[in-house]
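Each residue of the sequence shown is one higher than the last, beginning at 1044 in this note's numbering. Don't be surprised by glycine CBs; every beta carbon is placed ideally from N, CA and C. To keep things clear, I will list the structure first and then write my remarks on it.
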Amino acid sequence: LGIIAPWNYPFHNMLNHVLSGIFSGNGVVTKCSEHTSWSSVYFHSICRAALEANGFDPELVQLCTGVAETGKALVECPHVDKIFFTGSPNVGRHVMKGAAPFLKPVVLELGGKDAMVFCEDVKLKDVIPWAMRGCFQNCGQNCCGVERLFVYESIAHDFIAAIVEKVRSLRQGCPLSENLVDCGAMVMDAQCILVQGLVDDAVSKGATLHCGGKRNTYNGGQFYEPTLLSGVTPNMRIWKEEVFGPIMCVITVPGDNDETCVQMVNDCAFGLGSSVYSASTSRALAIGSQFNTGMFTANDFGVNYLIQSLPFGGVKESGFGRFAGPEGLRSCCLERSIVVDRIPGVRTSIPGPIDYPMNTKQGMGFGKGLIKLFYGDSVWVKAKGVLDLIRNA
(Lines of atoms letter the chains of each structure in order from A and count residues from 1; the text may use other names and numbers.)
(Lines give C-alpha, C1' and ligand atoms only; values in the text may rest on other atoms or scores of the structure.)
Protein backbone atom coordinates (compact mmCIF):
# COMPACT_ATOMS: atom_id res chain seq x y z
CA LEU A 1 0.00 0.00 0.00
CA GLY A 2 1.08 3.57 -0.66
CA ILE A 3 -0.07 6.15 1.89
CA ILE A 4 0.05 9.90 1.27
CA ALA A 5 -0.62 11.46 4.66
CA PRO A 6 -1.69 15.03 5.50
CA TRP A 7 -0.19 17.53 7.92
CA ASN A 8 -3.03 18.17 10.36
CA TYR A 9 -2.76 14.99 12.49
CA PRO A 10 0.66 13.56 11.56
CA PHE A 11 0.59 10.72 14.10
CA HIS A 12 -2.95 9.42 13.66
CA ASN A 13 -3.32 10.02 9.93
CA MET A 14 -0.17 8.02 9.28
CA LEU A 15 -0.58 5.30 11.88
CA ASN A 16 -4.20 4.37 11.11
CA HIS A 17 -3.33 3.38 7.52
CA VAL A 18 -0.11 1.65 8.56
CA LEU A 19 -2.06 -0.48 11.06
CA SER A 20 -4.78 -1.32 8.53
CA GLY A 21 -2.16 -2.23 5.94
CA ILE A 22 -0.16 -4.50 8.26
CA PHE A 23 -3.21 -6.25 9.72
CA SER A 24 -4.53 -6.96 6.22
CA GLY A 25 -1.22 -8.51 5.16
CA ASN A 26 0.53 -5.68 3.31
CA GLY A 27 3.78 -3.85 3.39
CA VAL A 28 3.21 -0.10 3.69
CA VAL A 29 5.10 2.86 2.24
CA THR A 30 4.06 6.27 3.61
CA LYS A 31 4.78 9.64 2.08
CA CYS A 32 4.34 12.20 4.88
CA SER A 33 3.58 15.87 4.41
CA GLU A 34 6.65 18.03 3.89
CA HIS A 35 5.33 20.15 6.77
CA THR A 36 5.51 17.27 9.27
CA SER A 37 8.70 15.43 8.23
CA TRP A 38 10.44 15.65 11.62
CA SER A 39 7.57 14.25 13.67
CA SER A 40 6.69 11.62 11.03
CA VAL A 41 10.22 10.20 11.11
CA TYR A 42 9.86 9.82 14.89
CA PHE A 43 6.40 8.24 14.67
CA HIS A 44 7.61 5.90 11.93
CA SER A 45 10.43 4.69 14.18
CA ILE A 46 7.79 3.67 16.73
CA CYS A 47 6.07 1.48 14.11
CA ARG A 48 9.32 -0.21 13.16
CA ALA A 49 10.30 -0.79 16.80
CA ALA A 50 6.91 -2.34 17.56
CA LEU A 51 7.22 -4.73 14.62
CA GLU A 52 10.72 -5.77 15.58
CA ALA A 53 9.80 -6.25 19.26
CA ASN A 54 7.06 -8.67 18.21
CA GLY A 55 9.23 -10.72 15.86
CA PHE A 56 8.23 -9.14 12.56
CA ASP A 57 10.39 -7.58 9.89
CA PRO A 58 10.55 -3.80 10.48
CA GLU A 59 11.16 -3.35 6.74
CA LEU A 60 7.43 -3.96 6.27
CA VAL A 61 6.94 -0.24 6.85
CA GLN A 62 8.81 2.50 5.02
CA LEU A 63 8.67 6.29 5.09
CA CYS A 64 9.36 8.77 2.31
CA THR A 65 9.83 12.49 2.90
CA GLY A 66 9.68 15.15 0.23
CA VAL A 67 7.34 17.31 -1.81
CA ALA A 68 5.02 16.66 -4.77
CA GLU A 69 7.62 14.71 -6.79
CA THR A 70 7.91 12.15 -3.98
CA GLY A 71 4.16 11.60 -3.91
CA LYS A 72 4.08 11.31 -7.70
CA ALA A 73 6.78 8.63 -7.61
CA LEU A 74 4.85 6.66 -5.00
CA VAL A 75 1.61 6.82 -7.00
CA GLU A 76 3.34 5.69 -10.20
CA CYS A 77 5.49 2.98 -8.59
CA PRO A 78 4.64 -0.41 -10.19
CA HIS A 79 5.23 -2.21 -6.87
CA VAL A 80 2.51 -0.24 -5.08
CA ASP A 81 -0.90 -1.88 -5.52
CA LYS A 82 -3.16 0.78 -4.03
CA ILE A 83 -2.99 4.40 -2.87
CA PHE A 84 -4.65 5.97 0.18
CA PHE A 85 -4.59 9.74 -0.07
CA THR A 86 -5.74 12.36 2.44
CA GLY A 87 -5.60 15.97 1.30
CA SER A 88 -7.23 18.54 -0.94
CA PRO A 89 -9.59 17.80 -3.87
CA ASN A 90 -7.14 19.42 -6.30
CA VAL A 91 -4.23 17.17 -5.31
CA GLY A 92 -6.64 14.21 -5.13
CA ARG A 93 -7.37 14.69 -8.82
CA HIS A 94 -3.64 14.59 -9.56
CA VAL A 95 -3.39 11.33 -7.58
CA MET A 96 -6.20 9.82 -9.66
CA LYS A 97 -4.55 11.01 -12.85
CA GLY A 98 -1.22 9.48 -11.83
CA ALA A 99 -2.83 6.15 -10.89
CA ALA A 100 -5.09 5.92 -13.97
CA PRO A 101 -2.47 4.65 -16.51
CA PHE A 102 -1.78 1.71 -14.17
CA LEU A 103 -5.48 1.09 -13.39
CA LYS A 104 -4.39 1.42 -9.78
CA PRO A 105 -7.22 1.81 -7.24
CA VAL A 106 -7.22 4.79 -4.90
CA VAL A 107 -9.04 5.80 -1.73
CA LEU A 108 -9.46 9.57 -1.46
CA GLU A 109 -10.32 11.45 1.73
CA LEU A 110 -10.44 15.04 0.54
CA GLY A 111 -11.62 17.07 3.49
CA GLY A 112 -14.99 18.62 4.05
CA LYS A 113 -17.18 21.48 5.06
CA ASP A 114 -19.22 19.73 7.69
CA ALA A 115 -22.58 21.03 8.83
CA MET A 116 -23.89 21.05 12.41
CA VAL A 117 -27.61 21.81 12.78
CA PHE A 118 -29.37 23.12 15.90
CA CYS A 119 -33.16 22.83 15.70
CA GLU A 120 -35.33 25.28 17.64
CA ASP A 121 -36.24 22.67 20.27
CA VAL A 122 -32.69 22.23 21.65
CA LYS A 123 -31.45 23.62 24.97
CA LEU A 124 -28.70 26.12 24.22
CA LYS A 125 -26.65 25.21 27.29
CA ASP A 126 -26.51 21.62 26.02
CA VAL A 127 -25.49 22.34 22.42
CA ILE A 128 -23.06 25.24 22.84
CA PRO A 129 -20.24 22.92 24.04
CA TRP A 130 -20.70 20.85 20.87
CA ALA A 131 -20.43 23.94 18.69
CA MET A 132 -17.24 25.02 20.46
CA ARG A 133 -15.65 21.58 20.15
CA GLY A 134 -16.72 21.12 16.55
CA CYS A 135 -15.37 24.47 15.37
CA PHE A 136 -12.24 24.99 17.45
CA GLN A 137 -10.70 21.57 18.10
CA ASN A 138 -7.13 21.57 16.76
CA CYS A 139 -7.71 25.23 15.90
CA GLY A 140 -10.21 24.15 13.25
CA GLN A 141 -7.66 22.09 11.32
CA ASN A 142 -9.88 19.01 11.08
CA CYS A 143 -11.15 17.11 8.05
CA CYS A 144 -14.46 16.55 9.84
CA GLY A 145 -14.45 19.84 11.76
CA VAL A 146 -17.63 21.93 11.79
CA GLU A 147 -17.40 24.69 9.20
CA ARG A 148 -21.09 25.51 8.85
CA LEU A 149 -23.29 25.96 11.92
CA PHE A 150 -26.96 26.04 10.93
CA VAL A 151 -29.06 27.55 13.73
CA TYR A 152 -32.85 27.75 13.47
CA GLU A 153 -34.15 31.30 13.24
CA SER A 154 -36.12 31.46 16.49
CA ILE A 155 -33.03 30.65 18.60
CA ALA A 156 -30.30 32.24 16.45
CA HIS A 157 -30.19 35.57 18.34
CA ASP A 158 -29.99 33.90 21.75
CA PHE A 159 -27.42 31.43 20.49
CA ILE A 160 -25.06 34.14 19.22
CA ALA A 161 -25.50 36.18 22.40
CA ALA A 162 -24.63 33.13 24.50
CA ILE A 163 -21.67 31.88 22.50
CA VAL A 164 -19.80 35.09 21.63
CA GLU A 165 -18.23 35.40 25.09
CA LYS A 166 -17.27 31.72 24.94
CA VAL A 167 -15.35 32.34 21.72
CA ARG A 168 -13.75 35.52 23.07
CA SER A 169 -12.56 33.68 26.19
CA LEU A 170 -10.59 31.01 24.30
CA ARG A 171 -6.92 31.11 25.31
CA GLN A 172 -4.38 30.96 22.51
CA GLY A 173 -0.69 30.15 22.64
CA CYS A 174 1.92 27.42 22.38
CA PRO A 175 0.59 24.17 23.92
CA LEU A 176 4.11 23.33 25.14
CA SER A 177 4.20 26.37 27.40
CA GLU A 178 3.15 26.31 31.05
CA ASN A 179 0.12 28.48 30.31
CA LEU A 180 -3.34 27.01 29.78
CA VAL A 181 -4.14 26.91 26.06
CA ASP A 182 -7.36 26.18 24.14
CA CYS A 183 -6.20 26.95 20.60
CA GLY A 184 -2.69 26.57 19.23
CA ALA A 185 -1.21 27.83 15.98
CA MET A 186 -1.92 27.19 12.33
CA VAL A 187 0.46 24.63 10.84
CA MET A 188 1.31 26.81 7.84
CA ASP A 189 1.52 30.57 7.40
CA ALA A 190 -0.18 30.18 4.03
CA GLN A 191 -3.25 28.85 5.85
CA CYS A 192 -3.44 32.07 7.89
CA ILE A 193 -3.46 34.03 4.64
CA LEU A 194 -6.21 31.82 3.18
CA VAL A 195 -8.38 32.12 6.31
CA GLN A 196 -7.95 35.90 6.36
CA GLY A 197 -9.05 36.13 2.74
CA LEU A 198 -12.21 34.13 3.43
CA VAL A 199 -13.10 36.21 6.51
CA ASP A 200 -12.46 39.52 4.72
CA ASP A 201 -14.61 38.43 1.77
CA ALA A 202 -17.49 37.44 4.07
CA VAL A 203 -17.39 40.71 6.01
CA SER A 204 -17.20 42.77 2.82
CA LYS A 205 -20.38 41.04 1.61
CA GLY A 206 -22.40 41.65 4.75
CA ALA A 207 -21.43 39.03 7.35
CA THR A 208 -21.20 40.22 10.95
CA LEU A 209 -17.83 39.78 12.66
CA HIS A 210 -18.46 39.37 16.40
CA CYS A 211 -14.89 38.65 17.48
CA GLY A 212 -11.53 37.60 16.07
CA GLY A 213 -11.10 37.97 12.35
CA LYS A 214 -7.36 38.61 12.36
CA ARG A 215 -3.96 37.20 13.28
CA ASN A 216 -3.03 37.03 16.93
CA THR A 217 0.13 39.13 16.88
CA TYR A 218 0.54 39.07 20.66
CA ASN A 219 1.95 35.54 20.53
CA GLY A 220 3.97 35.94 17.36
CA GLY A 221 4.18 32.98 15.02
CA GLN A 222 1.30 31.57 13.02
CA PHE A 223 -1.67 32.20 15.30
CA TYR A 224 -5.12 33.18 14.05
CA GLU A 225 -7.68 34.41 16.56
CA PRO A 226 -10.78 32.25 17.22
CA THR A 227 -13.44 33.97 15.13
CA LEU A 228 -17.24 34.17 15.19
CA LEU A 229 -19.13 35.17 12.04
CA SER A 230 -22.90 35.34 11.57
CA GLY A 231 -25.08 36.31 8.65
CA VAL A 232 -23.10 34.08 6.29
CA THR A 233 -24.85 33.74 2.91
CA PRO A 234 -24.31 31.73 -0.32
CA ASN A 235 -22.67 34.62 -2.19
CA MET A 236 -19.67 34.49 0.16
CA ARG A 237 -16.62 32.34 -0.53
CA ILE A 238 -16.70 30.98 3.01
CA TRP A 239 -20.11 29.40 2.31
CA LYS A 240 -18.54 26.88 -0.07
CA GLU A 241 -14.75 26.92 0.33
CA GLU A 242 -13.00 24.86 2.99
CA VAL A 243 -11.59 27.08 5.76
CA PHE A 244 -9.51 24.71 7.89
CA GLY A 245 -9.10 27.31 10.60
CA PRO A 246 -10.62 28.55 13.89
CA ILE A 247 -13.73 30.10 12.36
CA MET A 248 -17.31 29.59 13.58
CA CYS A 249 -19.76 30.44 10.78
CA VAL A 250 -23.34 30.81 11.99
CA ILE A 251 -26.00 30.45 9.31
CA THR A 252 -29.65 31.16 10.16
CA VAL A 253 -32.29 28.68 8.96
CA PRO A 254 -35.33 30.85 8.09
CA GLY A 255 -38.70 29.92 9.51
CA ASP A 256 -37.29 27.01 11.53
CA ASN A 257 -38.04 24.95 8.43
CA ASP A 258 -36.54 21.46 8.20
CA GLU A 259 -36.91 21.24 4.43
CA THR A 260 -35.13 24.56 3.95
CA CYS A 261 -32.38 23.37 6.29
CA VAL A 262 -31.78 20.25 4.19
CA GLN A 263 -31.52 22.32 1.02
CA MET A 264 -29.04 24.71 2.64
CA VAL A 265 -26.86 21.92 4.01
CA ASN A 266 -26.74 20.15 0.64
CA ASP A 267 -25.81 23.39 -1.15
CA CYS A 268 -22.15 22.46 -0.91
CA ALA A 269 -19.61 20.65 -3.07
CA PHE A 270 -18.25 18.73 -0.06
CA GLY A 271 -19.97 15.84 1.69
CA LEU A 272 -17.94 14.34 4.54
CA GLY A 273 -19.71 14.47 7.93
CA SER A 274 -22.81 16.12 9.39
CA SER A 275 -24.83 16.28 12.58
CA VAL A 276 -28.28 17.38 13.73
CA TYR A 277 -29.31 18.27 17.28
CA SER A 278 -32.97 18.12 18.26
CA ALA A 279 -35.07 17.22 21.28
CA SER A 280 -36.58 14.57 19.01
CA THR A 281 -34.11 11.91 17.87
CA SER A 282 -36.52 10.76 15.16
CA ARG A 283 -36.68 14.31 13.82
CA ALA A 284 -32.88 14.57 13.82
CA LEU A 285 -32.66 11.28 11.92
CA ALA A 286 -35.31 12.36 9.43
CA ILE A 287 -33.41 15.57 8.68
CA GLY A 288 -29.95 13.96 8.58
CA SER A 289 -31.05 11.09 6.36
CA GLN A 290 -31.53 13.63 3.57
CA PHE A 291 -28.00 15.05 3.80
CA ASN A 292 -25.67 14.13 0.97
CA THR A 293 -22.77 13.21 3.23
CA GLY A 294 -20.72 10.11 3.93
CA MET A 295 -21.36 10.24 7.70
CA PHE A 296 -24.05 11.53 10.01
CA THR A 297 -24.61 11.70 13.77
CA ALA A 298 -27.80 12.55 15.65
CA ASN A 299 -27.26 14.65 18.79
CA ASP A 300 -23.52 13.94 18.70
CA PHE A 301 -20.39 15.03 16.86
CA GLY A 302 -17.30 13.19 15.64
CA VAL A 303 -18.10 10.00 17.55
CA ASN A 304 -18.05 8.06 14.28
CA TYR A 305 -14.29 8.74 14.19
CA LEU A 306 -13.91 7.46 17.74
CA ILE A 307 -15.71 4.21 16.89
CA GLN A 308 -13.09 2.47 14.79
CA SER A 309 -15.53 -0.27 13.76
CA LEU A 310 -17.29 2.32 11.59
CA PRO A 311 -16.08 3.20 8.08
CA PHE A 312 -14.85 6.77 7.53
CA GLY A 313 -15.20 8.68 4.28
CA GLY A 314 -17.29 11.06 2.22
CA VAL A 315 -18.97 11.77 -1.09
CA LYS A 316 -18.73 14.46 -3.76
CA GLU A 317 -15.63 16.67 -3.34
CA SER A 318 -14.87 14.89 -0.07
CA GLY A 319 -13.72 11.87 -2.06
CA PHE A 320 -14.64 8.20 -2.17
CA GLY A 321 -13.69 4.90 -0.61
CA ARG A 322 -13.53 4.17 3.11
CA PHE A 323 -11.00 3.46 5.80
CA ALA A 324 -11.55 2.03 9.32
CA GLY A 325 -14.11 -0.63 10.10
CA PRO A 326 -14.45 -3.94 8.23
CA GLU A 327 -14.97 -1.96 5.02
CA GLY A 328 -11.64 -0.21 5.53
CA LEU A 329 -9.77 -3.46 6.14
CA ARG A 330 -11.36 -5.04 3.08
CA SER A 331 -10.30 -2.04 1.01
CA CYS A 332 -6.69 -2.99 1.86
CA CYS A 333 -7.22 -6.44 0.32
CA LEU A 334 -7.57 -7.87 -3.15
CA GLU A 335 -10.86 -9.73 -2.71
CA ARG A 336 -11.19 -13.13 -4.36
CA SER A 337 -14.08 -15.58 -4.69
CA ILE A 338 -13.00 -19.15 -3.78
CA VAL A 339 -15.31 -22.18 -4.00
CA VAL A 340 -14.60 -25.72 -2.71
CA ASP A 341 -16.74 -28.83 -2.20
CA ARG A 342 -17.81 -28.83 1.46
CA ILE A 343 -19.10 -32.42 1.81
CA PRO A 344 -16.29 -35.02 2.16
CA GLY A 345 -16.33 -37.59 -0.63
CA VAL A 346 -18.67 -35.53 -2.80
CA ARG A 347 -17.26 -33.90 -5.91
CA THR A 348 -19.06 -31.63 -8.34
CA SER A 349 -19.64 -33.10 -11.81
CA ILE A 350 -21.43 -32.04 -14.99
CA PRO A 351 -24.92 -33.67 -15.19
CA GLY A 352 -25.31 -35.88 -18.24
CA PRO A 353 -28.15 -33.91 -19.90
CA ILE A 354 -25.95 -30.80 -20.17
CA ASP A 355 -22.63 -32.55 -20.83
CA TYR A 356 -21.20 -31.69 -24.27
CA PRO A 357 -22.07 -32.88 -26.85
CA MET A 358 -25.66 -32.86 -25.65
CA ASN A 359 -29.22 -33.39 -26.78
CA THR A 360 -30.43 -29.81 -27.09
CA LYS A 361 -34.08 -30.53 -26.24
CA GLN A 362 -33.17 -32.64 -23.24
CA GLY A 363 -30.50 -30.19 -22.09
CA MET A 364 -32.82 -27.17 -22.31
CA GLY A 365 -35.51 -29.01 -20.38
CA PHE A 366 -33.00 -29.95 -17.69
CA GLY A 367 -31.71 -26.36 -17.51
CA LYS A 368 -35.23 -24.94 -17.14
CA GLY A 369 -35.83 -27.42 -14.32
CA LEU A 370 -32.71 -26.20 -12.50
CA ILE A 371 -33.85 -22.58 -12.83
CA LYS A 372 -37.29 -23.37 -11.41
CA LEU A 373 -35.76 -25.35 -8.54
CA PHE A 374 -33.18 -22.74 -7.57
CA TYR A 375 -35.12 -19.53 -8.26
CA GLY A 376 -38.81 -20.44 -8.14
CA ASP A 377 -40.83 -18.04 -5.99
CA SER A 378 -43.12 -20.74 -4.55
CA VAL A 379 -43.00 -24.38 -3.43
CA TRP A 380 -45.23 -25.29 -6.39
CA VAL A 381 -42.78 -23.80 -8.94
CA LYS A 382 -39.84 -25.54 -7.24
CA ALA A 383 -41.75 -28.86 -7.35
CA LYS A 384 -42.34 -28.41 -11.09
CA GLY A 385 -38.61 -27.83 -11.43
CA VAL A 386 -37.89 -31.17 -9.76
CA LEU A 387 -40.33 -32.90 -12.15
CA ASP A 388 -38.58 -31.27 -15.15
CA LEU A 389 -35.22 -32.57 -13.89
CA ILE A 390 -36.60 -36.10 -13.55
CA ARG A 391 -38.18 -36.05 -17.02
CA ASN A 392 -34.98 -34.85 -18.67
CA ALA A 393 -32.44 -36.81 -16.62
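In DSSP terms, what residue i is bridged to
i	result
Val1029	Residue 1029 is absent from the structure shown; the chain starts at 1044 and stops at 1436.
Tyr1399	Partner(s): none; Tyr1399 has no beta bridge.
Leu1106	Thr1073
Lys1359	Phe1313
Ala1341	Val1319
Met1229	None; Met1229 has no bridge partner.
Leu1252	Leu1272
Of the residues the options, the one placed nearest residue i, counting alpha carbons only
i	options	result
Met1307	Val1429, Phe1193 and Asp1225	Phe1193
Ala1048	Val1118, Glu1102 and Gly1098	Val1118
Leu1106	Glu1302, Leu1058 and Glu1221	Leu1058
Tyr1261	Gln1239, Trp1282 and Cys1217	Cys1217
Glu1285	Thr1340, Val1305, Asp1301 and Gly1314	Gly1314
Leu1413	Gly1256, Val1084, Lys1427 and Gln1180	Lys1427
Arg1258	Leu1044, Ile1393, Gln1239 and Val1104	Gln1239
Asn1051	Ser1083, Thr1336 and Asp1343	Ser1083
Asp1100	Asn1402, Gly1068, Asp1301 and Leu1241	Gly1068
Ser1131	Phe1145, Ser1076, Cys1120 and Phe1179	Ser1076
Arg1176	Pro1289, Met1338, Met1231 and Leu1241	Pro1289
Ser1212	Glu1221, Cys1254 and Asn1222	Cys1254
Thr1276	Lys1074, Thr1113, Thr1251 and Gly1337	Thr1251
Lys1209	Phe1179, Asp1384, Gly1274 and Leu1353	Phe1179
Glu1370	Val1230, Leu1237, Ala1142 and Leu1353	Leu1353
Ala1341	Val1189, Tyr1320, Lys1140 and Tyr1348	Tyr1320
Distance, residue j Cα to residue i Cα
i	j	result
Gln1215	Leu1377	47 Å
Thr1182	Leu1167	Looking at the sequence shown, residue 1182 is not Thr but Cys. Distance between the alpha carbons of Cys1182 and Leu1167: 23 Å.
Thr1040	Val1422	The requested residue 1040 does not occur in the structure, where the chain is confined to residues 1044 to 1436.
Gly1070	Gln1351	21 Å
Gln1361	Asn1133	A small fix is needed here, since residue 1361 is Ser in this sequence, not Gln. Distance between the alpha carbons of Ser1361 and Asn1133 is about 11 Å.
Gly1364	Pro1148	10 Å
Lys1415	Ser1318	48 Å
Leu1219	Cys1186	24 Å
Ile1089	Pro1053	13 Å
Ala1233	Gly1256	16 Å
Lys1115	Gln1184	25 Å
Tyr1399	Ile1386	26 Å
Val1346	Ala1327	16 Å
Val1293	Val1207	11 Å
Ala1436	Gly1406	9 Å
Cys1311	Tyr1085	38 Å
Cys1235	Thr1079	17 Å
Gly1445	Met1338	Any question about residue 1445 goes unanswered here, given that the chain covers just 1044 to 1436.
Residue i beta carbon near the ligand NAD (any heavy atom closer than 8 Å)
i	result
His1253	The model depicted lacks the ligand NAD and carries no ligand whatsoever.
Beta-carbon separation (whole angstroms), residue i vs residue j, contact threshold 8 Å
i	j	result
Ala1204	Met1291	With a Cβ gap of about 14 Å, Ala1204 and Met1291 do not count as contacting.
Arg1191	Ala1158	5 Å
Val1123	Gly1045	4 Å
Pro1394	Phe1417	Actually they are not in contact, since the Cβ atoms of Pro1394 and Phe1417 sit about 14 Å apart, beyond 8 Å.
Sufficient close CB pairs (3 or more, under 8 Å) joining the region 1225–1236 to the region 1264–1273: yes
The region 1146–1155 / the region 1349–1357 touching (three or more Cβ pairs under 8 Å): yes
Touching by the beta-carbon criterion (3+ pairs, under 8 Å), the region 1082–1098 and the region 1116–1130: Touching, no.
The region 1061–1071 / the region 1373–1390 touching (three or more Cβ pairs under 8 Å): yes
Stretch pair the region 1155–1175 + the region 1186–1200: three plus CB contacts closer than 8 Å: yes
Stretch-stretch touch, CB-based, cutoff 8 Å, three pairs: the region 1269–1283 with the region 1240–1258: yes
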